[in-house]
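Below is one structure, written out as structure tokens; comments come after it.
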Amino acid sequence: MKFTAADLKQFLKNVVNVMEDNSEYLSELDRKLGDGDHGVTMSIGWQAINEKLNDDLTSEEDCGKICITTGRTFLSAVGSSVGPLYATGFLRGAKVFQNKSELTGEELRDFWVAFIEGIKERGGAEVGDKTMVDTLHPAMETLKTSYNETNDFVTAFTAAVASANKGMESTKDLLSKRGRSSRLGERSLGNQDPGATSAFLILDTFLTTVNSVQAV
Amino acid sequence: MKFTAADLKQFLKNVVNVMEDNSEYLSELDRKLGDGDHGVTMSIGWQAINEKLNDDLTSEEDCGKICITTGRTFLSAVGSSVGPLYATGFLRGAKVFQNKSELTGEELRDFWVAFIEGIKERGGAEVGDKTMVDTLHPAMETLKTSYNETNDFVTAFTAAVASANKGMESTKDLLSKRGRSSRLGERSLGNQDPGATSAFLILDTFLTTVNSVQAV
Amino acid sequence: MKKLINNPTHVVDEMIEGYIKAFPKHVKLLPENKRSIVTAKETLSGKVGVLIGGGSGHEPAFMGYVGDGMADGVAIGNIFASPPPDPILEVTREIDKGAGVVYIYGNYAGDVMNFGMAAELADLEYGINVGAVLVTDDVASAPKEEKEKRRGIAGEFFVTKAAGAAADKGYGLEDVVRVAKKTNDNTRTMGVGLTPCSLPQTGKPSFELEDNEMEIGLGHHGEPGIEKGELQPADQVADRLVEDILADMPIDKGEKVAVLVNGLGSTTQMELYIMFRRVEQILSEKGIEIHRSYVGSYSTSLEMGGCSVTITKLDDELSEFVDHPADCPMYAQR
Amino acid sequence: MKKLINNPTHVVDEMIEGYIKAFPKHVKLLPENKRSIVTAKETLSGKVGVLIGGGSGHEPAFMGYVGDGMADGVAIGNIFASPPPDPILEVTREIDKGAGVVYIYGNYAGDVMNFGMAAELADLEYGINVGAVLVTDDVASAPKEEKEKRRGIAGEFFVTKAAGAAADKGYGLEDVVRVAKKTNDNTRTMGVGLTPCSLPQTGKPSFELEDNEMEIGLGHHGEPGIEKGELQPADQVADRLVEDILADMPIDKGEKVAVLVNGLGSTTQMELYIMFRRVEQILSEKGIEIHRSYVGSYSTSLEMGGCSVTITKLDDELSEFVDHPADCPMYAQR
Ligand SMILES: Nc1ncnc2c1ncn2[C@@H]1O[C@H](COP(=O)(O)OP(=O)(O)O)[C@@H](O)[C@H]1O
Ligand SMILES: Nc1ncnc2c1ncn2[C@@H]1O[C@H](COP(=O)(O)OP(=O)(O)O)[C@@H](O)[C@H]1O
Ligand SMILES: [Mg+2]
Ligand SMILES: [Mg+2]
Ligand SMILES: [Mg+2]
Ligand SMILES: [Mg+2]
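Chains as they are written, first to last, in UniProt numbering: chain A, 1 to 216; chain B, 1 to 216; chain C, 1 to 334; chain D, 1 to 334.
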């Protein structure tokens, strides 16, 4: 499997579109649990990344630099809770990609592990707290195990996204403990966490991108 | 014809009820042309008078004093545009009734002439300005002429109320020139003036009261 | 419409009670009427008294503007209704320190009659000299040829500020009246309404506008304006309001002004600043200097949505008064 | 929902532009980020810098509280979203005059992370000493046993006021932090929501309530509260809010407090005074002395309807700070 800087940028482009399409939905989820801005925040952040993709990054071949720009741009554009979280994800992942213009399956795995570990560290949330970590942590676990077993990134990441999906869905049945919705108590039951959802969308979009690269 | 202090107080009581019943309607008219409070103002003012009727005025036999209390009470309770207007009406009328506990038809006529002249003087409005004067002035003219001709107050006042009604209705077709609605221009057309309406209600209630006194 | 109130008929009295309890060092209630408030500090002997007032529902106007550098007392009416002569007279007697009292109020039939009666009584019964200044800043409320018919709206803030400062500086009655009238003559306001308010007693919206509509020139009590139309972007709304003001009162390049972008009640400060941004752009393009700006809810119409723009032309005398410090419960300036 | 704006994505930038143009003598924008504002007067050398900030939509909080006696600078985020570390850092560098900087912000995941990152960078990259004070006054946002999880709402006004006054009086960093934390520890707020706000970008109401409903403990951004129920008369609402505060922070007879009755956006001052009236009654019945009162929109949630009651227990040190004069564009006290 070969994943180039162009593919990485394509992935980012795809996320831009996915967030635009899901902006209303993410805000709707956040209105139930929080302050209703998650879709707006994701849209602002990814639109800023889009500008970089169309500008500074057009001829960038270093996957590490692409991720650094992505993380920094996102953070500068949005702040918020997810700013530091996703930014940390990309910045930690960037270390794996440093000086590389083409990525192996192993590197991709390491990237996502670093990405997710970074977010967990930054936010300090545990599985069960009803946050994006409920999506990300099981995805990471599956990715590691399955990659160990199969040595195939696509297989492993496909499984990881399935776990992410389950994790996301699990937030419906959780009482929230982190972030703005932690005081909601019972009333947070039944509502899916917006960050868990946007995290799933990112992972899922990566899978789609990888698959379309494979297909070529 | 005999009209006693008790009858005068009954008239005032009747107005209290009429204003309560029409409060919503008067406010509705005022929302179209002004600030929507005419019904509220009339209700507050007449409720204050009602308290006096049930209290200080219960054993008052001097019709002049009854009217002074009515005017002052109304003014203290509401201010507004109609406060000084109706208060002036009652205070001017009070002079006619001074030291009297029973009133002749001529005195009743003089009362209403003084009442209306006082309002005209206080507000400075002319017929055609789309105010209560459009109701009151024609009523006064008819009252004077008809009383001259018939020497019968009830006949004359019946005619006066008919003129008042016409005057009130005429405000629908007038551009407003006075008070809050004067800048409305064309848009004031079609809407009946609230003050013209409350003035009609007062006159009409007096007629009803006089008739019921007659009937006894 | 939902309101945090107890009994609709007691809202004004309960509001006043709360206000007096909140700022006992600033204001006090007079004993006779429950609608007469004066500054808690004794007005200086020989100082001209400044009296403001009008209907309730415009808070912080008018009661919030009693204090150092502003008014000495206020007479408070029912919602959207002029106070009767009694409380006006009570305030007049309290704040007259031998130099007379200036009445500042909006040009509404009710206020004209009630303040007029109070002024007469003050003179007749107590020999107090009263000067009256009617505020007529609302451009939309009458054409230029009938300027004297115009209503008073947010511009009353500047008139009160100037009169308060002049009185504070020891000006005599005639001079305070002159300053207040000059301020009024140099002040114009244009407003836009977006959403209605409702009186606590009726609960009915004061006017109706579609979801995408605005109304230019809407009155301070929901009186119909001069033009209904589709809601425009803030910049275009600001353009329109300022245009109407400048057409009515031309201002030359190099002249100085004070600007007030006033929220009518439920319009956010965010929106007011977006409006101010454009007002400033227009004025600065024309070379007009903004000497001082005010942005916020200075004169409201209960919870009405929308805003107004007020511009006051300043000469050196008025600039000084605008800069004069003030210390009122609901407005302070250092 | 109707708003006087241009492009929803530019509302914060245009608001800031308007704000800076309105008060050039008070505040200035820093060049790097367009979200960093500091006082126009040079902060004194050796004075501890006070930095506030958070999401937009709470105006006058936070940007309105930059000025003499309050904060030296503010970092401004998108609507309801913490600012990123960059503007926080830019303000930090500007207002550090060798004595360090204290950050005051609400306890929200986003703010904690962004201000936390900025503080780390300030130390690492510029050797600036930063003290952090998280505001946690919202009683409804977590039970007493998890007080450290509580959100910050209107009480941040008093924390800023105390820190600003302490810094003004020449206190060192540790002491300013101590004072701010003490103020936070002695401050409790309970709010009630009546009508929702809407983000300019979505136009959707932030929550839903029936025409006759209110929600106790509703968050500052429309986060669900602890109890929905039928709208009660103001007195009963006030009783409930004060009860919850006093249950959480008992106050003895004879103790002194500062009180803030804060409007969330579209609630009229008339209603706020009616609420204050009852709050005062309760406290005075209990023999608690109100040292100073604040009534108005001090920290809003766009055009949300409702209000909050904040009570801060005062010792002599804090009383002095509450009385300290302040001069900010959107709040002044003499
Ligand atoms: N400490 C945390 N760790 C991980 N994720 C978090 C944390 N706090 C909040 N989140 C995520 O952030 C999401 C909310 O993001 P967003 O609405 O953009 O920010 P904000 O809460 O500042 O408005 C939540 O749904 C949750 O998944
Ligand atoms: N100068 C005037 N002369 C006579 N009637 C007037 C005058 N000004 C106003 N009115 C009457 O007052 C009515 C409005 O009364 P109201 O709504 O109670 O007072 P306000 O206009 O102060 O709200 C108008 O409909 C009109 O008939
Ligand atoms: Mg959110
Ligand atoms: Mg009216
Ligand atoms: Mg009225
Ligand atoms: Mg947010």
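No residue lacks a Cβ here, since even glycine has one placed at the ideal position from N, Cα and C.
Let me know if residue i comes out buried or exposed under the rule of 16 or more other beta-carbons within 10 Å of its beta-carbon.
| i | result |
| --- | --- |
| GLU120 of chain D | exposed |
| TYR126 of chain D | exposed |
| PHE170 of chain D | Going by the sequence as given, residue 170 of chain D is Gly instead of Phe. Exposed. |
| GLN192 of chain A | buried |
| GLY222 of chain D | buried |
| SER293 of chain D | buried |
| ALA199 of chain B | buried |
| ASP315 of chain C | exposed |
| GLY179 of chain A | Because the pLDDT of GLY179 of chain A is 48, which lies under 50, any placement of that residue in the model is unreliable, and the question is left without a value. |
| GLN214 of chain A | exposed |
| MET1 of chain B | exposed |
| GLY287 of chain C | exposed |
Is residue i near residue j, with beta carbons less than 8 Å apart?
| i | j | result |
| --- | --- | --- |
| VAL161 of chain A | ASP129 of chain A | no |
| ILE290 of chain D | VAL257 of chain D | yes |
| residue 335 of chain D | VAL38 of chain D | Residue 335 of chain D cannot be examined here, being either before or after the span of chain D that is shown, 1 to 334. |
| GLY98 of chain C | SER45 of chain C | yes |
| GLN47 of chain A | THR209 of chain A | no |
| VAL309 of chain C | ILE245 of chain C | yes |
| ILE274 of chain C | ILE311 of chain D | no |
| GLY225 of chain C | ALA142 of chain C | no |
| GLY265 of chain C | GLY305 of chain C | yes |
| ASN78 of chain C | VAL78 of chain B | yes |
| GLU280 of chain D | LYS21 of chain C | yes |
| PRO196 of chain D | GLU213 of chain D | no |
| VAL295 of chain C | GLY164 of chain C | no |
| SER198 of chain C | MET1 of chain C | yes |
So the candidates are the options; which of them puts its Cα closest to the Cα of residue i?
| i | options | result |
| --- | --- | --- |
| SER43 of chain B | B:GLU126, B:ILE202 and B:THR208 | B:ILE202 |
| TYR65 of chain D | D:GLU213, D:GLU156 and D:LEU134 | D:GLU156 |
| ILE216 of chain D | D:THR202, D:LEU194, D:SER206 and D:ALA162 | D:LEU194 |
| ALA164 of chain A | A:THR150, A:TYR147 and A:ALA196 | A:ALA196 |
| SER297 of chain C | D:ALA326, D:ASP323 and D:GLY263 | D:GLY263 |
| ILE119 of chain A | A:PHE90, A:THR145, A:GLU28 and A:LEU103 | A:PHE90 |
| SER76 of chain B | B:SER146, B:LYS52, B:THR145 and B:SER27 | B:LYS52 |
| LEU134 of chain C | C:LYS204, C:GLY152 and C:VAL11 | C:GLY152 |
| VAL74 of chain D | D:THR136, D:TYR108 and D:PHE115 | D:PHE115 |
Just checking my contact of residue i with residue j at CB under 8 Å: how many whole Å lie between their CB atoms?
| i | j | result |
| --- | --- | --- |
| LEU302 of chain C | GLY54 of chain C | Actually they are not in contact, since the Cβ atoms of LEU302 of chain C and GLY54 of chain C sit about 14 Å apart, beyond 8 Å. |
| VAL177 of chain D | VAL101 of chain D | So it is not a contact: roughly 10 Å between Cβ atoms. |
| THR189 of chain D | ALA234 of chain D | 17 Å between Cβ atoms; not a contact. |
| ASP152 of chain B | GLY105 of chain B | 7 Å |
| GLY36 of chain A | THR9 of chain D | Actually they are not in contact, since the Cβ atoms of GLY36 of chain A and THR9 of chain D sit about 16 Å apart, beyond 8 Å. |
| ARG277 of chain D | GLU17 of chain C | 5 Å |
| ILE66 of chain B | ALA5 of chain B | 6 Å |
| PHE3 of chain A | LEU174 of chain A | Actually they are not in contact, since the Cβ atoms of PHE3 of chain A and LEU174 of chain A sit about 34 Å apart, beyond 8 Å. |
By the criterion of Cβ-Cβ separation under 7 Å, what are the contact partners of residue i in chain C?
| i | result |
| --- | --- |
| GLN269 of chain D | GLU59 and PRO60 |
For a contact meaning CB atoms closer than 8 Å, what does residue i contact in chain D?
| i | result |
| --- | --- |
| THR171 of chain A | Within chain D, no residue comes near THR171 of chain A; the closest Cβ sits about 15 Å away, beyond 8 Å. |
For a contact meaning CB atoms closer than 7 Å, what does residue i contact in chain D?
| i | result |
| --- | --- |
| ILE37 of chain C | Near ILE37 of chain C there are no residues of chain D at all, since even the closest Cβ is about 12 Å away, more than 7 Å. |
| GLU289 of chain C | Simply none; closest approach about 11 Å. |
| ARG122 of chain A | MET113 |
If the cut is a Cβ gap below 7 Å, which residues of chain A does residue i touch?
| i | result |
| --- | --- |
| ASP86 of chain D | SER76 |
| PRO31 of chain D | Result: empty, since nearest Cβ-Cβ is about 15 Å, beyond 7 Å. |
Since residue i meets chain C, which of its residues come closer than 8 Å, beta carbon to beta carbon?
| i | result |
| --- | --- |
| ARG277 of chain D | GLU14, MET15, GLU17, GLY18 and LYS21 |
What residues of chain C sit near residue i, judged by a beta carbon separation below 9 Å?
| i | result |
| --- | --- |
| GLY160 of chain D | The sequence shown places Thr at residue 160 of chain D, rather than the Gly named in the question. Under the 9 Å cutoff, chain C gives no residues; its nearest Cβ is about 17 Å from THR160 of chain D. |
| MET330 of chain D | GLN269, VAL295 and GLY296 |
Can you pull the chain A residues whose beta carbon is under 8 Å from the beta carbon of residue i, in chain order?
| i | result |
| --- | --- |
| SER206 of chain D | ARG31, ASP35 and GLY36 |
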